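J.: Under our numbering, the first residue of the sequence shown carries the number 52, and numbering increases by one thereafter. First, the structure itself, so that you have it in front of you.
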Amino acid sequence: PNVTGTLHMGHAFNQTIMDSLTRYHRMRGHNTVWVPGTDHAGIATQIVVERQLRDQGISRHDMGPTPAEARKNFVARVWEWKEKSGNTITTQMRRMGDSVDWSREYFTMDEELSTVVTDTFVRLYEQGLIYRGKRLVNWDP
């Protein structure tokens, strides 16, 4: 789930399906693991934090004497929100009884995951699998 607030009924439905499938395959003797995680949700999370700032009469652009400092302070505020919201979501998942491996919990912006994404992107680019073309989508009929 995204760290934009709390779980909603759609999340609960999705979590129930994943939990049922994980338990079913586990009972059938398959080695299964459900790795829990939360997603930063990019712009959606930014909007949530900007609304909070607006309610306090602050703009993200006014959070520092320079644009770089303002950005740094804004990103720190987003991380604060992630900690609060992400903890709420994982607490809700635990209360639902999701059969996940909590020792492997991750967040999409964790440094290790971000490094893997960057390294993979570079490798795919070097292999010619990522390129600029004339199409706006990643397929060609």
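Beta carbons: idealized from backbone N, C-alpha and C, even for Gly. Here the structure is a predicted model, which means the values were calculated and not measured.
Given a threshold of 16 other Cβ atoms within 10 Å of its Cβ, counted over all protein chains shown, does K133 qualify as buried or as exposed?
T.: buried
J.: Can the beta-carbon of L149 be found closer than 9 Å to that of M69?
T.: According to the sequence displayed, residue 149 carries Asp and not Leu. In this structure, M69 lies closer than 9 Å to D149 by Cβ.
J.: Could you pull the start and end residues of the alpha helix (DSSP H) that S165 belongs to?
T.: 162–177
J.: Tell me whether I181 is buried or exposed, calling it buried when 16 or more other Cβ atoms sit within 10 Å of its Cβ.
T.: exposed
J.: Here's the rule I'm using: 16 or more other beta-carbon atoms within 10 Å means buried, otherwise exposed. How should Q66 be labelled?
T.: buried
J.: Under 9 Å, Cβ to Cβ, is there at least one residue of chain D near I68?
T.: Absent here is chain D; the protein component of the structure consists of one chain.
J.: Run through DSSP, which three-state label would Y75 get?
T.: helix
J.: Specify the secondary structure class of G137 as computed by DSSP and reduced to three states.
T.: Secondary structure of G137 (DSSP, three-state): helix.
J.: Would DSSP call T96 helix, strand or coil?
T.: Note: T96 maps to helix in three-state DSSP.
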